[in-house]
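Comments concern the structure below.
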């Protein structure tokens, strides 16, 4: 059983650019959630995908968007990057079909916006 | 917005001592989970306690939940230097378990000195 993986591990972008972060869910998991963690803060929920559809969204603007693919992997896209988007981006997978409440997190992608 | 608030923000103890961290939250929950994070990397799930449970144990971990006070505590017994990390509580308040959105606190930074 493989764990949650994310790529890339680190990324540096400039304001106004666009970025795509990737996540592969744990084997057997059909739900992926994305979180943003600013320095010194707890993670904040961005959105969740289940069966390729968005299934809940936190307080983030539309320039944060996502996709989930048939193999349950997922992408987080952020357009028009702002300095405040600098953070650790975490994805977490879970098995919603079997009402598994525990979310398993990947190692994260650290994004720096200059 | 952050629902959970951990207390204290930082805790420094000697190896072998017990560490207690507290978490308070604001709304009714389905479950409360504790996670550990080492050096700003991915979160590791420690333990989940459901709203109808009052106490749960896992190895050296003991978690209590008081829904009337909207609070939880995490006790780590016989601490080790390897327990040095940030600890977060996360609440799941999703109605009927619809999307398992987790709301995190800001965390407690635990330092265990050898």
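Chains as they are written, first to last, in this note's numbering: chain A, 5 to 118; chain B, 3 to 116. We put the CB at the ideal spot given by N, CA and C, even for glycine. Here the structure is a predicted model, which means the values were calculated and not measured.
Using a Cβ-Cβ cut-off of 8 Å, residue 50 of chain B counts as an interface residue toward chain A, since at least one Cβ of chain A sits closer than that to its own. Within 8 Å of the CB of residue 74 of chain A, no CB atom of chain B is found; the nearest one sits about 20 Å away. Per the coordinates, the alpha-carbon of residue 47 of chain A lies some 4 Å from the alpha-carbon of residue 41 of chain A.
The beta carbon of residue 18 of chain A is closer than 8 Å to those of 85, 117 and 118 in its chain, skipping five residues each way along the sequence. Using a Cβ-Cβ cut-off of 8 Å, residue 76 of chain B does not count as an interface residue toward chain A, since no Cβ of chain A sits closer than that to its own. At a cut-off of 8 Å, the C-beta of residue 12 of chain A has no neighbouring C-beta in chain B. For residue 61 of chain A, the pairing in a beta bridge is given by DSSP as A:51. In this structure residue 16 of chain A is exposed. Its beta-carbon is surrounded by fewer than 16 other beta-carbon atoms within 10 angstroms.
Secondary structure of residue 42 of chain A (DSSP, three-state): coil. Nearest Cα to residue 107 of chain A within the set B:91, B:11 and B:53: B:91.
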